[in-house]
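Participant: Quick note: to get the numbering used here, add 115 to the position in the sequence shown (first position is 1).
Below is one structure. I have some questions about it.
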Amino acid sequence: MTAPTLPPHSTPSAPAPASETPTETTAAPAAGTVSAAGPETGPESSAAASSPVGAPLGETLHTQVITWFEDNARDLPWRRADAGAWGVMVSEFMLQQTPVSRVLPVYEQWLERWPR
C-alpha cells in the first residue's frame with residue numbers, strides 16, 4: 116500500500132521552528148479586523164464593516180457568487196418553487212451518474228407518471 120499524495124496545488128505545511136513561532140500580544144486589534152474570536156463589533160467598526168476591506172471573510176465572495184448564479188443559472192425544473200421535495204429527490208437520484216441533458220426528458224416523464 117502506498118501513502119496518499121498531496122494534490123499538485125497543495126504544499127506541505129511544516130511547523131515553524133520555536134524561534135519563529137509568533138507570540139501572543141495583549142494589544143487590541145485595529146477596528147474592523149478579524150481575530151480568532153471573530154470580527155470586531157461596536158461603533159468604531161461600523162464604518163469598516165460597510166467597506167469590502169472590513170467585510171467579514173467570505174461575505175463579499177458570497178454576494179458575488181449569488182449574484183452570478185442569479186444571472187447565469189440554468190432554468191431547471193427541480194430548482195423551481197413548485198418542484199417540491201418529491202421532484203427534488205427524483206432529480207437527485209437521476210442526476211447521480213447522468214448528465215442533465217439526458218435527465219430532463221426522463222424527469223418530466225417520471226413526474227407525469229408518478230406525480231407527488
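Quick reminder that beta carbons are idealized off the backbone N, C-alpha and C, glycines included.
Three or more C-beta pairs closer than 8 Å, one from the stretch 173-180 and one from the stretch 200-213: is that the case here?
Facilitator: No: the two stretches stay apart, fewer than three of their Cβ pairs being nearer than 8 Å.
Participant: Could you give the distance in angstroms between the alpha-carbon of D186 and the alpha-carbon of R228?
Facilitator: Here the question's residue 186 lines up with position 71 in the sequence shown. Here the question's residue 228 lines up with position 113 in the sequence shown. Spanning the two alpha carbons is a distance of roughly 33 Å.
Participant: What's the call for W193, buried or exposed, on a 16-neighbour Cβ count within 10 Å?
Facilitator: The residue you call residue 193 lines up with position 78 of the sequence shown. Buried.
Participant: Got a sec? Which residues, its chain only, sit under 8 Å from R217 by beta carbon, not counting five neighbours each side?
Facilitator: Residue 217 sits at position 102 when you count from the first residue of the sequence shown. Here the set comprises nothing.
Participant: Alpha carbon to alpha carbon, what distance is there between E223 and D190?
Facilitator: As a first step, residue 190 is located in the sequence shown; it is residue number 75 there, counting from the start. As a first step, residue 223 is located in the sequence shown; it is residue number 108 there, counting from the start. Straight-line Cα distance between these residues: approximately 14 Å.
Participant: What is the residue span of the alpha helix (DSSP H) that L226 lies within?
Facilitator: Position 111 of the sequence shown holds residue 226. That run of the alpha helix (DSSP H) goes V215 to R228.
Participant: Secondary structure at L172, three-state DSSP: helix, strand or coil?
Facilitator: What you label residue 172 is simply residue 57 of the sequence shown in a count that begins at 1. Note: L172 maps to coil in three-state DSSP.
Participant: State the CB to CB distance for the pair R231 and W201, rounded to an integer number of angstroms; the pair is presumed to be in contact (CB under 8 Å).
Facilitator: Residue numbering aside, residue 231 sits at position 116 when the sequence shown is read from its first letter. Residue numbering aside, residue 201 sits at position 86 when the sequence shown is read from its first letter. Indeed, because the Cβ distance is near 4 Å, the residues count as touching under 8 Å.
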